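To convert, note that position 109 of the sequence shown is 108 in numbering that gives the first Met the number 0; the numbers rise steadily by one, no gaps.
Glycine included, each C-beta is placed from N, C-alpha and C at the ideal position.
Note that the structure is a prediction, hence the values are computed from the model and not measured.
Before any comments, here is the structure.
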Amino acid sequence: MRLINVDTFELEELMDHRSTHYAILSHTWGNGEVTLVDMQRGLPHAEALPGFEKIRGACRQAASDGFKFVWVDTCCIDKSSSAELSEAINSMFRWYSDAKICYAYLSEVAKVGDGPEAKSQLRNSRWFTRGWTLQELLAPKEVVFYSREWIEMGSKEDFATTISEITGIDPEALGTLDITRFSIAERMSWASSRVTTRQEDIAYCLLGLFAVNMALLYGEGERAFIRLEEEIIKSSDDHSIFAWKSLGDAPPTNSGLLAISPLQFKHSGGITPYEGKISKSRPYRMTNKGLSITMDVVPGNAPGERFMTLDCRTREGWVLAICIRGVVAGSGSDQYTRVRCDELYAVQPRTNGGWTKLFIRQATSLLDPVEILRGASAFMLNDISSSFRLDKVYRYTPDKFNRFSSKEAKIVCTYGRGGEILVNIPKSANHWVATAIFKSTTTEAEVWVMLGWTDEFGVSVHVCQDRDEDSDGEIVEVDLRPLSNCIMKREIINESQTPEGDAKTELVPVSVSVNTHHEQGIDALYKVLYKVTVTDDRRNDSATLHQYLAKFPRYALSTGETEYYDPFWIAASVGSTEVLRVLLNHYNFSYEADPSQIVALDQREFLLLNVACDHAHLETARFLLDSQPPFGEVCAKDYHGGTPLLSAAASLQHLSFDLQHLSFDLELCHHDRHGWIRDRLARGEELMHLLLDKGACASDAIVEVRDNRLEPRNTVLGRAITRASYELVRRLLDEGADVHARQQYFSNGGEVGFPIGMYTNDVTALHLGSLFWNAGGIRALLDHQRSASNDHDYGRENEHNDLFTCRDSTGRLPLHWAAGGPGWYDECLLDDAIVPRIVNTFQLLLASNPHTINDLDHQGATPLYYAVGGHAGCGSLHSDLPIRFLCAHGADASLVDRHGRTVLHALALHSMSGEPTAPTLLDLLVEHGADVTHADTDGNTPLHLMARNLRQVEAARYLVRLGADVYARNALGDTPLHKAAVGGIGPLQNHEGKMESVTLASRIRAHDEMIAAILEGETRGDGSSGLMDQQNAKGGVYKKPARYKGKGKGARLAIMN
C-alpha cells in the first residue's frame, strides 16, 4: 500500500499498513487529477496540476491531526497495472476501514453555512451521488466533512439524520462498523441512487459492502453486477438478494433471479431475512441449467405460472414471493424464468411448504410457443454435391414457417466457402431449428437440409427437394432421422431439358454430411482468442488456446469472412505476442504438413507487422522482426500499398480512433487517459525509430492515379507530423522524407470546413502539423527549410519554396488549418500542454508571414472564420485560444465570405452541438469589427441563425442587447422569432467529446427562454405591429398552442399558417 508522507509529499510503500496510523481522503474526481505517474515525475510537475490542491489540503489537515501519512486514490494506485488496480479495488473497503479518520472533501461547498444551511449544502453535494463514496461513507470509523477551503463542516455522527434522509441508509448502519447484519436487499438499496462513470464500477464499488472479491473485467457491462451477485450467493443464503423489481423503463418482462443493476433494489429497503420455524437452510448454486434452488412453490394466477416464496419479509411481516413460469409450456420441465419482474408479491407464511427443486435461467426469451435457447452451436455441412450452392440458412418454427413469407424466418450466421459450410444454429426445445437451402447451379432445383434435435435420436437431419407436395407451402411434418455416420443421402427429382428442348426428368443423388464435432468451431476460436488476448488482461495465458488447437487444429488457420475475423489479425491487433507465437508455431507445423489446405500468410489482405504497427504494439512488432525466419519485412507492402513504417506513423495520427473504438483495451484505464496517450505516443515513436534502424524508407507513400499521374495519398511524414516529436520529424526529413509532398486528408467530421467522409487534396505536412497544433513538428519543418535554403538545394520552383504559403485544394493555408483545429474528436485527446502548443503553433505560422492573418480561401473565409467555427462546434477546453490569439494579432472580424457571412454567422452555424457561447467572446468579435446587424446573401442576420439553436439563449439575448434587429427579415420573410419558433436543441458535446442527451422538459424550457430573449428587443415605437403579430412570406402568424393555454407554461409559440 502506498501512502503520502504529509511532510515531504513523497510516496512511501508499506508492506503492512495495519501497523501504521494514517488518514484517508474521500472525494469526487474532477479535471486535472494527480496520478501516480505525475507524482513520480516530481513534485514541481504534480503541484502544477489543479488536483494537487486537495492533496495539499489533505496532507495539511492530517499533519494537524497528528498523522504522518495520508492515502489518496488518485495518486497512490498504479492504474497502468491491471493487477494492482484489481488488488486496490478489492482492498479498498478494508483500507478505508483501517484508516483512523476519513476526510470527506466536498469541492462544491465554497463557504460553510450554519445549521440548516450546512445540511442543505450536504444535500446538494455531488459526493452523495457517486458509487465509490458509498463505501467511503460506511467503512471508516470516523468521517469528517470539509469544504473546498478545508473548513470543517461536521462529522458523520453530527449529520447522521440528514445523511440518512439523503441516502436512505438506516441511521443504525451509519453508526455501526458491522453492516452485514443488514439484509442484502437493504444494502443494495443504498446503492440504487448512486452512479459511476463506467457501468462495471457500480458492481466493483460494492465489493466491500458484501465482503466478496472478484476479478475486474471492464467491457462486460451489466454482466459485472450479475457476477457480483453470483459471488454473494456463494457465501450467503439471504433470499433478499432475489427481492428486487424492475422499474417502469425496463423493457424485459422476464428474467432470471438476479438483478442487472442496484437500481432494481430501489424499493427494497427494510426487507429482512425471515427466520420463522419453516425456514430451512437450502443450498443453491449456479449450474449450466441456471440457478439450482429448492423453494416453496405455490400455484400462480395464470397457466404455467407459480409463486416462489422467499425466506425474507417486509417491515409489516409479510413474506415475499416472486412469479416464475416454465420456459417450455406443458413439458413438465424443471426450468423456469422469472416473469412479472416489476412486481413483488406479499403472501402469508405457510407452515407446510411445498418444496420443489427448480432451475432458474438468468436470460431466457419466452416465445409463443415457449422456446428455450440452449446456446448457439455450429454444424459443418460438407460433401454437398458440386452442382449445388448454399443459398441461405433459416431458423424457424415448423408450424409457423411459410416459405413464401420471410416474417417468421431468421437468417442465421454462416462461415466458410466452397464445400464446407459452418452453420451457427441455436439448440432448441423444439424438434427442429434450422433449414439450409441449397440451389442448383444449372437448374431451378432446390434442396432443403433440415437440422434438428429429438429426444430419441439427438442430432438429426432431413433432406428433401423444395417442399412436400401436399403441404400447400407449409412444412407441417418433418421426418427427422438419426444420423448414420453423419451422412444423409437422398435422391431428388431434377427437371432439365434435352438439347432438342424436350423435358427431361431424372433422379439426382444428393449427399449431405452434418459433422457435429464442429460444434466448437470458428465462433469458439474467436471466443478463445478474445478471452486470452483481451479479457485475461494480456497475461498471455495461452493454455486455453493450446487446448483448442489440439482439438480443432484447422480453424486457427481460417481466414474468416473478413480480416477482422482472422485469428492472426486478432492477435496482432491487440498486441498479444504470446498468442501470436502459439498461432504462428501452429501455422508453421500445419503449413509444412499440407500447404494446399492453408491460405498462406503472405497471401492474405494484411501483413502481421503492419497490423501490429497500426496500434503501436512495439513488442509484438519486435517479435515479428526478430523471428527466424522473420514474419515481417520492413519494406513489404500490404494489399493497400502500406508499409510497416506507414502503419507506425498512422498509430500517431489515428490515436483518437483507437481511443474511441478500442475501448475494451485493458491497457487503457479511464482514470488516466492522458497517461495512456503519452505511453502510446512514446511506443509509436520508438517503433518508428526501430523500423528506420532496420532499413525502413522514410519516403514511403501510398500512391494512387490522379489526373493521369501517380500522386501520394498518404506519406510517412504526413501521418507522423500530427503528433511526432521534433527529433523524429527531423530524422524523417534527414533520411529522405519530402517536405513538399502533396497528399490527401480524410475528414472524420470533427473538423470545421472539411467535407465529412471525403478527401482534401494538395495537403502538405505543414497543413497536417498545423491542424494538430504540433509546434515541435512545425519547428522541425521550418529548420529543415532554412537549412535547405542555406544550401541552395530546393530543386523546386519558387512557388513551392515557402511552405507557409502553400494552399490545399480548397485554397487554405496552414494558418487556416491551425485556426480550425482538430475538432473535439482529436482535440480532447491532447495532453495538458495544449495551451503552449496552440500559442507556439500560431507564433511559428505568423512569424514569417504575418500578412496571411486575414487571407481568404476559395470560399472567402479567413483563419478567424475557421477559428470561430472550430470553437463553436467543439466542446473541448481552450478551443477559444485561436480566436483570442488571432484577434490580438490583427484579425479583421468584419470580413465576409462568399455567402456574405461574418464570423458571427460562423459562430451560430457551427454551435448546434457545442457549449453555449460566452458573452465575452461576442464582445471580442464585435470589438474587432463584427457587425451584429449584417445580413448574409439569404438575408439571415447572426440573430436569425443563433435563434435556431435553443441552447444559445444567452448569446441571442446578448446579440439583442448589442443592437441586433429583432424585426429583420430574411429572404423568406422570417424574423428571428420565426426561426426560434421552429428551433431545436441537439445533444450537447461536452469537454470530453461525449454527447449528453436532452430531455423534453429542458427542450420546452429552452424554447420559452429563447422566445423571451428575442422579445426583449421589441421596442419599436413607430406604430407598426408588434413582433408577435409579424407574418412571414407564407402568412404565418403566432399563436400559443392550445395545450399550453391557461396552464402557466410560458410563451411557447408555434407558427400557424
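| Query | Result |
| --- | --- |
| Nearest to ASP97 (by Cα), restricted to the options GLU156, GLY29, TYR21 | TYR21 |
| Three-state class that DSSP yields for GLN842 in the structure shown | helix |
| Endpoints, the beta strand (DSSP E) within which LEU105 is located | Note, LEU105: premise wrong, no beta strand (DSSP E); not H, not E. |
| N- and C-terminal bounds of the alpha helix (DSSP H) containing GLN198 | Element bounds for GLN198: n/a, residue is neither H nor E. |
| Assumed close pair ILE162, TRP189 - CB separation to whole angstroms, cut-off 8 Å | Between TRP189 and ILE162 the Cβ distance is about 11 Å, and since that is not below 8 Å, they are no contact. |
| 9 Å Cβ cutoff met for LEU942 and VAL952 | no |
| Cβ neighbour criterion (16 or more within 10 Å) applied to ASN587 | exposed |
| Three-state class that DSSP yields for ALA967 in the structure shown | coil |
| Residue ranges of each beta strand (DSSP E) within the segment 42-78, 3 or longer | 68-70 |
| Neighbour-count burial assignment, GLU734, 16 or more Cβ in a 10 Å radius | exposed |
| Distance CB(PHE358)-CB(LEU290) smaller than 9 Å | yes |
| Stretch-stretch touch, CB-based, cutoff 8 Å, three pairs: the segment 88-95 with the segment 110-129 | no |
| LEU121 and ILE183 closer than 9 Å at C-beta | no |
| Secondary structure of GLN951, DSSP reduced to three states | coil |
| In DSSP terms, what ARG284 is bridged to | SER291 |
| Sub-9 Å separation of HIS614 and GLY574 beta-carbons | yes |
| Exposed unless 16 or more other CB atoms sit within 10 angstroms - verdict on SER910 | buried |
| Alpha-carbon to alpha-carbon, PHE68 and GLY114 | 32 Å |
| As assigned by DSSP and simplified to three states, the class of GLY869 | helix |
| Residue closest to GLY220, alpha-carbon to alpha-carbon, out of LEU689, GLU229, ARG197, PHE241 | ARG197 |
| Straight-line gap, ARG608 to MET687 (C-alpha atoms, nearest Å) | A small fix is needed here, since residue 608 is Leu in this sequence, not Arg. For LEU608 and MET687, the distance between alpha carbons rounds to 12 Å. |
| Beta-carbon separation (whole angstroms), VAL902 vs TYR957, contact threshold 8 Å | Their Cβ separation, rounded to whole angstroms, is 15 Å, which puts VAL902 and TYR957 out of contact at 8 Å. |
| TRP568, enclosing alpha helix (DSSP H) - first and last residue | 566-572 |
| Rounded separation between GLY292 and GLU342 - CA only | Per the sequence shown, residue 292 should be read as Ile rather than Gly. Straight-line Cα distance between these residues: approximately 21 Å. |
| LEU949 vs ALA1005 beta-carbon contact at 9 Å | yes |
| First through last residue of the beta strand (DSSP E) which encompasses ILE321 | 318-325 |
| DSSP-derived helix/strand/coil call for MET1058 | Because the chain in this structure spans residues 0 to 1056, residue 1058 falls outside the shown range and cannot be described. |
| Nearest residue (CA-CA) to LYS834, options GLY29, ARG147, TRP772 | Just to set this straight, residue 834 is Val in the shown sequence, not Lys. It is TRP772 whose Cα lies nearest to the Cα of VAL834. |
| Own chain residues within Cβ distance below 6 Å of SER646, not counting five before or after | ASN609, CYS612, ASP613 |
| Touch test, the segment 811-818 against the segment 757-770, Cβ-Cβ under 8 Å, three pairs minimum | yes |
| Exposure of HIS616, with buried meaning 16 or more beta-carbon neighbours within 10 Å | buried |
| Start and end residues, alpha helix (DSSP H) containing MET38 | 35-39 |
| Start-to-end residues for the alpha helix (DSSP H) that takes in GLU922 | The amino acid at residue 922 is misidentified as Glu; the sequence shows Asp. Looking at the DSSP string, the run of the alpha helix (DSSP H) that includes ASP922 is 918-926. |
| Coarse secondary structure for ASP692, derived from DSSP in three states | helix |
| Complete alpha helix (DSSP H) runs within the segment 629-660 (minimum length 4 residues, chain order) | 643-652, 654-660 |
| Contacts around ARG682, its chain only, beta-carbon distance under 6 Å, and the 5 residues preceding and following it disregarded | ALA615, LEU617 |
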